[in-house]
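Here the structure is laid out as structure tokens; the discussion comes afterwards.
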Amino acid sequence: MEATHESGANLSLEWRRQQLLNLRAMLRNHWTELQGALAKDLGKEATEAVCTELALVDQEVSLMLKNVEGWMKPSKVPSPGFCAPAFSKVTPRPRSGPACLVIAPSNYPVCLLLQPLAGSLAAGNPTVLKPSELCPTVSALMQRLVSQYFTPGAVQVVTGGASETTQLLQHSWGLVFFTGSPKVGEIIATAAAATLTPCVLELGGKSPCYVDETAPSDIRMIANRIIWTKTLNAGQTCASIDYLVVHEKILPKLLPELQRSLQVQFGEDPQQSELARLVTASHASRQVELIREVEEAAAVEDSETTIVCGSSESCDPESGYVAPTIVLNPPESSRMLQEEIFGPILPIRVVRSRDEAVSLMRQTPGTPLCLYVFTKSQSVFEALCNKIPSGAAVRNDAIMHLSSSHLPFGGLGTSGYGMYRGKTSFDTFSHK
């Protein structure tokens, strides 16, 4: 990869376009094989795998191919008068060698590996990919396909676990792009600091969804969007709704619609449905622990906590199955209100006012990756955005902003730093 930088080949439009074409060919020629790998590692249904992984990568690559020629051109900027007749320009160039490093998580092991790769290649960077060891089928497939479609001087794959990642981080990189938990993100950033390597950290957090008393009148639509978002990929989505805050005037209408939506989407027995599985038995066991804790709280006399649906007994951790579970008013000290859930458990907190909702969300640990608000009022939405800092904010929907390559995506505070997608990816992986 150092030889690629030394030759200057990666500075050319031809090199960048060829790598992007290789990436698109790899994706499209092995579409079904990739679906099968996602099904084996995560139990992802074929349509979900396409909509949340493969199609998003294809869209990203197509956008890069269409625009990379224009993006890489120098742009003139004003110069001070005393510098005349000199002129100034900004030129996007690849990051310093030998390569950029992309470390992907287990929840979207194809999309979150190849989307950043598209931006890195468009910016002219040889790139090393580190897929998640928790998805062995996807990891092995990526290693085989990348060696088939790319030269070692353009893209390489390194497999393995924590020790291999630790070894990788001992080297200097043009950029380290990491998606994962805040805890591991701290480790990545600390290791990268030793070589002064810049990082993009796409982390998680407790993203709230607030349903205001001014919410749209179509409560069924709201419930469907909440349940779809919460159960997508069995809740293993960094931008998923983590917990729900509902105005007390809306709750009597919303709660039965949430239950109805679960039944419509997954039937009487969700275990027999197309609901995805948790990536490992230990991840599923943690979800069971979260449910058991609130079950014990609900069993206490005069407790405000209610298990609306789901139970720890209906889960099967060994197979990765966690029953979609709705919990009304879990204790404030409960783990599901203090930790990112990352599973199909939906806690609901009931509030009497908008100010109470803001106070509750501000007291929740960490900075949200996303803020979701259901309200007919734009002013209410903007007021909440001003009071609840977050990486992104969406009104009257959830998670759909991830479908656009034209919207930059990234965290704030404990949910990460740096952004990517589309032109933003090109800029992130470029030095100007």
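In the UniProt record's numbering, the protein residues as written are 1 to 432. The beta-carbon is built from N, C-alpha and C at its ideal position, and this holds for glycine as well. Please read all numbers here as calculations on a predicted model, not as lab measurements.
Measuring CA to CA, which of I241, Y243, F409 and I219 is closest to V200? Checked all of I241, Y243, F409 and I219; the closest Cα to V200 is F409.
Since F426 is in the alpha helix (DSSP H), which residue starts that stretch and which ends it? Note, F426: alpha helix (DSSP H), G422 to T428.
For a test of the three-state rule: what should DSSP assign to M336, helix, strand or coil? Secondary structure at M336: helix, using DSSP grouped into helix, strand and coil.
With a CB to CB cut of under 8 angstroms and the five nearest residues on each side skipped, what residues in its chain are close to L117? Excluding positions up to five away in sequence, the list reads L23, V102, T127, L129 and V155.
Is it buried or exposed for P94, if we count other Cβ within 10 angstroms and need 16 for buried? Taking a 10 Å sphere around the C-beta of P94, we find 16 or more other C-beta atoms and assign the residue as buried.
Measure from the alpha carbon of V351 to the alpha carbon of each residue in E248, C209, A239 and E289, then state which is nearest. Measuring C-alpha to C-alpha distances from V351 to each of E248, C209, A239 and E289 identifies E248 as the nearest.
So, with DSSP's three-state summary, where would you put H401? Helix at H401.
Hey, would you say R17 sits closer than 8 angstroms to L63, going by beta carbons? No, these two residues do not count as a Cβ contact at 8 angstroms.
Distance, D397 Cα to R225 Cα: Cα-Cα distance, rounded: 7 angstroms.
Ends of the alpha helix (DSSP H) at K44? Premise fails: K44 is in no alpha helix (DSSP H) and is neither H nor E.
Round the Cβ separation of P105 and S132 to the nearest angstrom and send it over; I've been treating them as touching at under 8 angstroms. That pair is a contact at about 6 angstroms.
Classify H5 as buried or exposed, calling it buried when 16 or more other Cβ atoms lie within 10 Å of its own Cβ. Buried, by the Cβ-count rule.
How would you write the range of the alpha helix (DSSP H) that C111 sits in, first residue to last? Element bounds for C111: C111 to A122.
Taking G160 as the reference, which of K423, C135 and A276 has the closest Cα? Checked all of K423, C135 and A276; the closest Cα to G160 is C135.
Endpoints, alpha helix (DSSP H) assigned at E2: Note, E2: alpha helix (DSSP H), E2 to S7.
Is N386 buried or exposed, if buried means 16 or more other CB atoms sit within 10 Å of its CB? Here N386 is exposed, its C-beta having fewer than 16 other C-beta atoms within 10 Å.
Count the other CB atoms, across all protein chains shown, that sit within 10 Å of the CB of N29; report buried if there are 16 or more and exposed otherwise. Around the beta carbon of N29, fewer than 16 other beta carbons sit within 10 angstroms, so the residue counts as exposed.
DSSP puts A281 in a beta bridge; with which residues? According to DSSP, A281 bridges with nothing at all.
Where are the beta strand (DSSP E) runs, 3 residues long or more, that stay fully inside the region 225-297, in chain order? With a minimum length of 3 residues, the continuous beta strand (DSSP E) runs that stay inside the region 225-297 are 243-247.
Is it true that the CB of P182 sits closer than 8 angstroms to the CB of T414? Here T414 is near P182, since their CB atoms are less than 8 angstroms apart.
Could you spell out the range, first to last residue, of the alpha helix (DSSP H) harbouring Y149? Note, Y149: alpha helix (DSSP H), P136 to Y149.
Check the DSSP bridge columns for E60 and list the partner residues they point to. In the DSSP assignment, E60 forms no beta bridge with any residue.
Expected contact under 8 angstroms - CB spacing of L290 and R335 to nearest Å: The Cβ separation is near 5 angstroms, so the contact holds.
Given 7 angstroms as the limit, tell me if V50 has its C-beta closer than that to any heavy atom belonging to the ligand FAD. The ligand FAD is not among the ligands present in this structure, which contains no ligands whatsoever.
If we count the other Cβ atoms within 10 Å of its Cβ and call it buried at 16 or more, is T165 buried or exposed? The residue is buried, with at least 16 neighbouring Cβ atoms inside 10 Å.
Which whole-angstrom value describes the C-beta separation of P92 and S430, a residue pair presumed to lie in contact below a C-beta threshold of 8 angstroms? Indeed they touch by this definition, with Cβ atoms about 4 angstroms apart.
Name the DSSP beta bridge partners of H431, please? Answer is R93.
Assuming A239 contacts L369 (C-beta within less than 8 angstroms), just tell me the rounded distance between them. About 6 angstroms separates the Cβ atoms of A239 and L369, confirming a contact at the 8 angstroms cut-off.
Range covered by the alpha helix (DSSP H) that runs through P182: Run containing P182: P182 to A193, per the alpha helix (DSSP H) assignment.
If you follow the alpha helix (DSSP H) that C385 is in, where does it begin and where does it stop? Note, C385: alpha helix (DSSP H), Q378 to K387.
For G36, three-class secondary structure by DSSP: Reduced to three states, the DSSP call for G36 is helix.
Would you grab the beta carbon distance between T47 and L232 for me? Rounded to a whole angstrom, and I think it's under 8 angstroms. So it is not a contact: roughly 12 angstroms between Cβ atoms.
Where Q378 and V394 are concerned, what is the direct C-alpha to C-alpha distance, given to the nearest angstrom? Roughly 11 angstroms separates the two Cα atoms.
If you follow the beta strand (DSSP E) that L371 is in, where does it begin and where does it stop? Unbroken beta strand (DSSP E) run through L371: C370 to F374.
Can you list, in chain order, the residues of its chain with a C-beta nearer than 7 angstroms to that of H406? Leave out the 5 residues immediately preceding and following it. Cβ-Cβ distances below 7 angstroms link H406 to G422 in the same chain, with the five nearest sequence neighbours on each side left out; the list follows chain order.
Hey, how far is the Cα of G235 from the Cα of V77? Across the structure, G235 and V77 are spaced so that their CA atoms are roughly 46 angstroms apart.
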